[in-house]
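Trainee:
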Amino acid sequence: MKAYAGKILHVNLTSGQSRTEDLDEKTAKLYLGGMGLGINLLMEHSKPGKDAFDPDNPLIYCTGPLSGTLGLAGNGYVVVSKSPSTGCVGEGQVQSFFGSELKRAGYDAVVIKGKLAHLSYLWIDDNQVQIRDAQHLMGCTVREVEQAIRNEVGDFSIRVSGIGVAGEKLCRFATIISDGHYAVGRAGLGAVMGSKNLKAIAVRGTHDVNVADLESFTSFVKTRYERVKNLQTNKYQPLVSKSLLELNSLSAVAVKNWSNTFFEGVEKLGFEYLNDRYVKRVVGCATCGLNCNSIAVVPDGSFKGEMAQFDFDCLLSLGSLCGVDCFDVLVKAVCLVNDYGFDCLSVGAVVAFAMDLYEQGILTSKQTGAIADGEGVDLRFGNGDALLYLIDKIGKRDDWLGNVLAEGVVRAAETFGGEALKYACHVKGLELPGYDLRTLKTAALSFSVMFSGDRRLRSGAELLDVNGVFSCPKTENKPGVDRTLVEVSHRYNVLDSLIICKLTSEVYTWQDLADYYFFATGIPVTEEELKQVGERIENLARLFNILEGKGTRNYDDLPYKLKNCPVSVKGSKKNVFVSDDELQLGLDDYYATCGWTADGIPTPDRLKQLGLGSLSYISESAIAAARAQQEEN
Amino acid sequence: MATRPQDRKFIVSNPEKCSGCSICEYVCSMANEKTFNPNKSRIRVINRGLLTNMAVACRKCEDPVCVASCPKNALSQEKSTGIIRVNEHACTGCGWCIGACSFGALNLHPEKKIVYTCNSCTDTNSKGEPQCIAWCTEGALQYVTAETLAQKARQKIVTQLLETRETSKEKTENKQ
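Just so you know, the sequences run in chain order A and B. 297 is the number that our numbering gives to position 297 of the first sequence; each next residue is one higher, with no gaps. Heads up, our numbering is the position in the second sequence plus 633, with the first residue counted as 1.
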């Protein structure tokens with residue numbers, strides 16, 4: 001079994017003990033690595049019903065079979081844990097140098113359980129594992145932590161993955177950041193790390209990573225590097241592309257906390273202007289030829305010199321959702337988000353939610369915190385200062401409002417009471433990204449069933465709408481939608497398990513992925529087997545959620561606003577929304593295609609076919625419980 | 634084959650183009666060591682922040698201080714190419730040459746415990762076409778002589794100066 005390190009590291013923070021376990025070829029082939037392996041380990045080591053902040057909740061780092069090789073954008077890692085925002089599977093993937101370093105240290109996965117007595121960091125130096133004091137790093141940004149640990153260890157090539165203040169303070173949408181600014185997605189994984197008093201993991205790996213067939217592997221990769229340059233890569237360069245304008249013309253940009261779909265400020269964020277004025281460089285991630293990271297620098301004004309790696313999703317979540325169209329402010333906001341260690345998408349949605357409540361009069365100026373002159377902060381949409389103020393407050397959690405908002409929109413809405421919950425836009429408790437799903441109806445269905453809440457990159461379904469695969473907006477259910485959606489989500493599971501960046505995924509067919517895996521690992525796999533891996537992971541995650549009491553139909557839902565408040569669509573007189581009937585119709589089809597019951601529970605038969613027969617007791621008891629419920633009604 | 638010192642080519646990295654992705658490190662270890670391990674690369678990338686990245690490899694100096702500093706005479710410079718050759722039997726891995734090189738272009742091999750440096754891929758299947766350059770997706774790496782570097786620098790600066798002059802001239806003409 002080449003390309004894999006063949007070892008899983010278990011660390012118990014409470015006792016300070018660590019041990020390794022072999023990764024067998026069978027498990028490797030069933031779950032590939034990355035997210036698949038992570039969810040499998042989560043299933044094995046997590047206890048149902050335990051809180052995400054319980055020391056027993058495992059925090060799992062996984063590398064993929066391609067991590068540490070020359071594979072195109074292959075140097076990623078995945079973090080999996082029970083999410084503190086959803087209580088479901090929480091996972092995040094990132095392309096960064098940390099993943100390959102961890103592989104070279106000799107691990108396919110690191111399973112971290114327990115809790116440290118005080119803030120510390122984990123130092124993994126090949127086979128040496130050490131817990132080191134990090135109390136002096138409390139309150140530091142991940143970049144500062146990286147620098148400090150490098151100085152301590154005396155090696156400037158080590159890699160660090162850690163949390164900022166948001167993670168330390170258990171903000172439920174804190175993220176994990178590596179290499180200074182690469183964030184590990186969503187679902188509040190940084191808070192899980194914080195709950196363990198773990199500030200960071202530092203790694204030095206010196207071992208070789210060998211592939212099974214070096215020549216075939218290299219020539220395969222070489223052609224992918226060439227092909228990726230021929231992609232329409234422009235669309236992935238947020239600040240130099242027309243994406244925002246295009247999305248806006250489709251009425252698919254969520255504006256002011258999903259109040260409408262047309263962003264007046266869009267011209268101020270036009271790509272030509274941003275490109276001319278702000279974009280200093282466009283760079284790529286670790287071993288990737290597809291350059292998609294725009295580095296924006298504010299050239300003058302009060303934020304002169306602020307520099308951030310800017311992402312399209314940030315433009316939507318911090319910009320259009322909050323109604324802020326001043327890019328200087330947005331760059332500063334991204335800097336703050338990065339320093340505190342937030343999930344940028346959630347923080348934008350949370351601020352927009354607070355602004356909405358303020359405009360609706362649910363949040364009063366008395367509650368929004370006093371500033372110098374005694375007046376409350378003006379939280380109206382479009383106020384850039386308010387955006388920065390709130391990010392700061394949420395990160396520090398040092399006043400009532402910041403503290404409440406740091407719990408995410410659902411928990412905050414419960415605290416605010418009244419109608420507040422109607423303005424919370426989330427799926428399974430995770431804030432939505434800045435797309436308007438009322439006009440992207442295929443995506444709406446897909447978002448509602450995703451096991452990890454609403455993660456955009458989990459489904460890729462919005463591309464089907466935007467690219468016109470399905471007519472947009474779609475008013476009635478169309479045959480074939482469910483099949484395509486299910487296939488896309490399975491494919492994405494495989495990509496996250498091999499850890500291949502989805503922006504480059506267009507250069508691989510299913511057969512390519514099978515070849516790629518074979519050249520790397522020497523384990524033969526067919527196209528069909530790979531597809532089954534995708535389905536296996538989907539079902540496994542679903543079972544995990546069922547065990548947590550959150551995996552059934554009731555939880556596959558969309559927020560109130562999307563289901564009840566119609567928005568206008570450009571070029572059409574009709575106002576659209578996703579009616580509950582529409583959603584239920586879609587779910588019926590989706591479940592049927594997956595081989596799930598009408599309650600969204602995987603059937604024992606299907607589980608057996610997928611090699612998950614040993615877990616069919618979960619579905620059997622869930623089916624029985626659902627039946628009992630129906631009889632009661 | 635080049636014979637004159639001024640024809641010696643070495644690898645330079647353009648910091649304005651280098652994205653710090655480290656593909657070159659992986660390619661180098663692949664071509665020379667048949668494995669993937671940046672710790673065995675002859676070219677090393679330095680990431681200094683979002684905007685500043687650069688790769689460093691042997692400059693094939695005219696009067697190489699590494700060779701002069703070796704107490705065991707294990708290092709020698711190939712006349713025709715400028716490549717620093719290491720006598721594997723004589724090298725003790727003391728690291729004196731590593732400290733002497735201003736570029737950090739020599740490294741201690743983690744397993745062989747002797748020093749190694751860029752050989753322009755002459756020992757690989759590619760027969761002297763440096764593989765890092767063949768793979769760099771940014772066009773940030775070049776295989777050039779000192780003379781080419783100087784020429785390019787001169788051309789660049791003169792073009793810039795002339796352009797500035799032209800535009801300022803246009804501006805004055807427009808005003809009139």
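Even for Gly, the Cβ is constructed at its ideal location relative to N, Cα and C.
Which residue's Cα is closest to the Cα of Y121 of chain A: A:Y107, A:V160, A:G92?
Mentor: It is A:V160 whose Cα lies nearest to the Cα of Y121 of chain A.
Trainee: Under three-state DSSP, which class holds E21 of chain A?
Mentor: Strand at E21 of chain A.
Trainee: Check distances from the C-beta atoms of the segment 275-308 of chain A to those of chain B and list, in chain order, the residues that come in under 9 Å.
Mentor: If the cut-off is 9 Å between Cβ atoms, the segment 275-308 of chain A has K280, R281, V282, V283, G284, C285, A286, T287, C288, G289, L290, N291, N293, I295, V297, M307, A308 near chain B.
Trainee: Which same chain residues end up closer than 6 Å to L702 of chain B when comparing Cβ atoms and leaving out the 5 residues on each side of it in sequence?
Mentor: This sequence places Ser at residue 702 of chain B; Leu is not what is there. These residues qualify, in order along the chain: W729, C730, A733.
Trainee: Pick out whichever of A:D24, A:S251, A:D589, A:V111 has its Cα sitting closest to the Cα of L695 of chain A.
Mentor: Nothing can be reported for residue 695 of chain A: it is not among the residues displayed for chain A, which extend from 1 to 633.
Trainee: Contact check, A109 of chain A vs G38 of chain A under 8 Å by CB: the rounded distance?
Mentor: Their Cβ separation, rounded to whole angstroms, is 7 Å, which keeps A109 of chain A and G38 of chain A in contact under 8 Å.
Trainee: Against chain B, does N338 of chain A count as a neighbour if the rule is that its beta carbon must be under 8 Å from one of theirs?
Mentor: Chain B, which has no Cβ nearer than 8 Å to the Cβ of N338 of chain A, makes this no.
Trainee: In the DSSP assignment, the beta strand (DSSP E) including E91 of chain A goes from what residue to what residue?
Mentor: Note, E91 of chain A: beta strand (DSSP E), 89-95.
Trainee: Can you tell me whether DSSP reads R677 of chain B as helix, strand or coil?
Mentor: Three-state result, R677 of chain B: strand.
Trainee: May I have the straight-line CA-CA distance separating F519 of chain A from K229 of chain A, to the nearest angstrom?
Mentor: The alpha-carbon atoms of F519 of chain A and K229 of chain A are separated by roughly 23 Å.
Trainee: What is the rounded straight-line gap between the Cα of E799 of chain B and the Cα of G772 of chain B?
Mentor: Taking the straight line from one Cα to the other gives about 29 Å.
Trainee: Our contact map puts S81 of chain A next to G74 of chain A with C-beta atoms below 8 Å; I'd like the distance itself, whole angstroms only.
Mentor: So it is not a contact: roughly 23 Å between Cβ atoms.
Trainee: Say whether chain A places a C-beta atom closer than 8 Å to the C-beta of K802 of chain B.
Mentor: With 8 Å as the cut-off, K802 of chain B does not count as an interface residue toward chain A.
Trainee: Counting only Cβ-Cβ distances shorter than 7 Å, please list the residues of the segment 665-686 of chain B near chain A, keeping chain order.
Mentor: So the close ones are K667, T668, F669, N670, N672, L683, L684.
Trainee: For the alpha helix (DSSP H) that D133 of chain A lies in, which residues bound it at each end?
Mentor: Careful: D133 of chain A lies outside any alpha helix (DSSP H), inside the beta strand (DSSP E) at 128-133.
Trainee: Please work out which residues of its chain come closer than 7 Å, Cβ to Cβ, to H490 of chain A, disregarding the five sequence neighbours upstream and downstream, and give them in chain order.
Mentor: Same-chain partners within the cutoff: K531, G534, E535, E538.
Trainee: Tell me where the beta strand (DSSP E) around V193 of chain A begins and ends.
Mentor: First, the amino acid is wrong: residue 193 of chain A is Met here, not Val. Where M193 of chain A is concerned, there is no enclosing beta strand (DSSP E), although the alpha helix (DSSP H) it sits in stretches over 189-195.
Trainee: Does any residue of chain B have a CB that is nearer than 8 Å to the CB of Y560 of chain A?
Mentor: Not an interface residue.
Trainee: Give the secondary structure of E146 of chain A by DSSP, where H, G and I count as helix, E and B as strand, and everything else as coil.
Mentor: Residue state, collapsed to three classes: helix.
Trainee: Please classify A709 of chain A as buried or exposed, where buried requires at least 16 other C-beta atoms within 10 Å of its C-beta.
Mentor: For residue 709 of chain A there is no data in the structure shown, the boundaries of chain A being 1 and 633.
Trainee: In three-state terms, what does DSSP make of D605 of chain A?
Mentor: Residue state, collapsed to three classes: helix.
Trainee: Under the assumption that A690 of chain B contacts A723 of chain B (Cβ atoms under 8 Å), give the Cβ distance between them as a whole number of angstroms.
Mentor: No, A690 of chain B and A723 of chain B are not in contact; Cβ-Cβ is about 23 Å, not under 8 Å.
Trainee: With DSSP collapsed to three states, give me the class of R277 of chain A.
Mentor: Note: R277 of chain A maps to helix in three-state DSSP.
Trainee: For K650 of chain B and G341 of chain A, I'd like the C-alpha separation in whole angstroms.
Mentor: Going from the Cα of K650 of chain B to the Cα of G341 of chain A covers about 29 Å.
Trainee: State yes or no: is the beta carbon of S810 of chain B nearer than 8 Å to at least one beta carbon in chain A?
Mentor: Given that chain B is displayed from residue 634 to residue 809, the structure contains no residue 810 of chain B and the question cannot be resolved.
Trainee: Quick check: what's the CA-CA separation for Q93 of chain A versus I499 of chain A?
Mentor: Going from the Cα of Q93 of chain A to the Cα of I499 of chain A covers about 8 Å.
Trainee: Taking the CB atoms as reference points, tell me whether F381 of chain A and C322 of chain A lie closer together than 8 Å.
Mentor: Closer than 8 Å, so yes.
Trainee: Can you say whether M138 of chain A is buried or exposed, counting buried as having 16 or more other CB atoms within 10 angstroms of its CB?
Mentor: Exposed, since its Cβ has fewer than 16 Cβ neighbours within 10 Å.
Trainee: Once you ignore the five residues that flank Q764 of chain B on each side, which residues in its own chain have a CB closer than 6 Å to its CB?
Mentor: Cβ neighbours of Q764 of chain B beyond the five flanking positions: V660, A664, C754.
Trainee: Taking Cβ-Cβ distances shorter than 7 Å, what residues in chain A pair up with T714 of chain B?
Mentor: In chain order: nothing, as chain A lies at least about 25 Å away.
Trainee: Could you tell me which of B:L741, B:W768, B:R692 sits nearest to V777 of chain B, measuring between CA atoms?
Mentor: Here the closest residue by C-alpha is B:R692.
Trainee: Does DSSP put T778 of chain B in a helix, a strand or coil?
Mentor: In this structure, T778 of chain B counts as strand in the three-state DSSP scheme.
Trainee: Going by other Cβ atoms of all chains shown within 10 Å of its Cβ, with 16 needed for buried, is L274 of chain A buried or exposed?
Mentor: When all chains shown are included, L274 of chain A counts as buried.
Trainee: What residues are listed by DSSP as bridge partners for W596 of chain A?
Mentor: W596 of chain A pairs with A:P602.
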